[in-house]
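Novice:
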Amino acid sequence: SQKIEQNSEALNIQEGKTATLTCNYTNYSPAYLQWYRQDPGRGPVFLLLIRENEKEKRKERLKVTFDTTLKQSLFHITASQPADSATYLCALGLGGSASKIIFGSGTRLSIRP
Amino acid sequence: DAGVIQSPRHEVTEMGQEVTLRCKPISGHDYLFWYRQTMMRGLELLIYFNNNVPIDDSGMPEDRFSAKMPNASFSTLKIQPSEPRDSAVYFCASKGRSTYNEQFFGPGTRLTVL
Chain S
1297 SQKIEQNSEA LNIQEGKTAT LTCNYTNYSP AYLQWYRQDP GRGPVFLLLI
1347 RENEKEKRKE RLKVTFDTTL KQSLFHITAS QPADSATYLC ALGLGGSASK
1397 IIFGSGTRLS IRP
Chain L
665 DAGVIQSPRH EVTEMGQEVT LRCKPISGHD YLFWYRQTMM RGLELLIYFN
715 NNVPIDDSGM PEDRFSAKMP NASFSTLKIQ PSEPRDSAVY FCASKGRSTY
765 NEQFFGPGTR LTVL
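Those protein sequence lines, which keep their order, are chains S and L. All residue numbers for the first sequence refer to my numbering, where the first residue is 1297 and numbers rise by one. All residue numbers for the second sequence refer to my numbering, where the first residue is 665 and numbers rise by one.
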């Protein structure tokens, strides 16, 4: 069966450390993978996209890797801050036009001061 | 731009009643998506439109759900009759021509069916 799994429901880390979130998938062949941030009571907000032929993408303190052999993406936040606390969702881009995306269940990240 | 607009923000109704959720996408965007989010099932794609035409409705749970997009600036999701298990947050998102294929989400409608 097709599955998208994010490593844990919740992750708690100390401010200043690097947070690493994992997204694994089975029985999908995504054209790309995206990461979104969702704050309580709000809709998801797009952060990064990485395509199937790319290994790594960076944006400020964010880094995403994509391993299509392992069927896994890692999402890193370096020098984490309490303001980074939120739920992070990975999403696979599918379909001929790759317009349809399927979301993972999310990881709730808490950064303690 | 005001972003994606959804109404109402909250809806409480009784089982058996008809519910209509509304969405105004970002001007110029040619894709519109309806999602449902629950604790148990996460964020699920229900249906999406391209240039006002439904492309994939495989996520629509059953015939009680229907969606329309009469023009580029308006879409509705209707549930008739509603049931308690339909209680969830419903999001609308839109997407334009972009390198990143990012979807822009509205604030959601929290639906409670009693």
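Note that beta-carbon positions come from the ideal geometry of N, C-alpha and C, so glycine has one too.
Can you tell me whether Pro718 (chain L) is helix, strand or coil according to DSSP?
Specialist: Within the second sequence, the letter at position 54 stands for residue 718 (chain L). Correct three-state label for Pro718 (chain L): strand.
Novice: Between which two residues does the beta strand (DSSP E) carrying Asp727 (chain L) extend?
Specialist: As a position in the second sequence, residue 727 (chain L) is number 63, starting the count at 1. Asp727 (chain L) -> no beta strand (DSSP E), and no H or E assigned at all.
Novice: Using CA coordinates, which residue listed in S:Tyr1324, S:Ser1369 and S:Thr1403 is at the minimum distance from Lys1351 (chain S)?
Specialist: Here residue 1351 (chain S) is taken as the residue at index 55 of the first sequence, counted from 1. With distances taken between Cα atoms, Lys1351 (chain S) lies closest to S:Ser1369.
Novice: What residues of chain L sit near Gly1402 (chain S), judged by a beta carbon separation below 9 Å?
Specialist: Here residue 1402 (chain S) refers to the residue found at position 106 of the first sequence. Those are Gly706 and Leu707, listed as they occur along chain L.
Novice: Within this structure, are the beta carbons of Arg700 (chain L) and Ala666 (chain L) separated by less than 8 Å?
Specialist: On the second sequence, position 36 is the one that residue 700 (chain L) refers to. On the second sequence, position 2 is the one that residue 666 (chain L) refers to. No, they are not a contact pair.
Novice: Looking at the structure shown, is Pro734 (chain L) part of a helix, part of a strand, or coil, going by DSSP?
Specialist: The residue you call residue 734 (chain L) lines up with position 70 of the second sequence. Note: Pro734 (chain L) maps to strand in three-state DSSP.
Novice: If we define contact as Cβ-Cβ less than 8 Å, is Tyr754 (chain L) a contact residue for chain S?
Specialist: Within the second sequence, numbered from 1, the residue matching residue 754 (chain L) stands at position 90. Tyr754 (chain L) does not count as touching chain S.
Novice: Under the DSSP definition of a beta bridge, which residues are partnered with Ser1369 (chain S)?
Specialist: Stepping through the first sequence from its first residue, residue 1369 (chain S) is reached at position 73. According to DSSP, which records beta bridges pairwise, Ser1369 (chain S) is partnered with S:Cys1319 and S:Phe1362.
Novice: Mind checking which residues open and close the beta strand (DSSP E) that includes Ser1406 (chain S)?
Specialist: As a position in the first sequence, residue 1406 (chain S) is number 110, starting the count at 1. First-last of the beta strand (DSSP E) with Ser1406 (chain S): Thr1403 to Arg1408.
Novice: For Asn765 (chain L), is the classification buried or exposed, using 16 other Cβ atoms within 10 angstroms of its Cβ as the cut-off for buried?
Specialist: As a working mapping, residue 765 (chain L) is identified with position 101 in the second sequence. Result: buried.
Novice: Please state whether the Cβ-Cβ distance between Lys742 (chain L) and Glu675 (chain L) is less than 8 Å.
Specialist: Within the second sequence, residue 742 (chain L) is the residue found at index 78, counting from 1. Within the second sequence, residue 675 (chain L) is the residue found at index 11, counting from 1. Their beta carbons are not under 8 Å apart, which means Lys742 (chain L) does not touch Glu675 (chain L) by this criterion.
Novice: When the cut-off is 8 Å and only beta carbons count, does Leu1329 (chain S) lie next to chain L?
Specialist: The residue labelled residue 1329 (chain S) in the question sits at position 33 within the first sequence. Not closer than 8 Å to any Cβ of chain L, the Cβ of Leu1329 (chain S) fails to qualify, so no.
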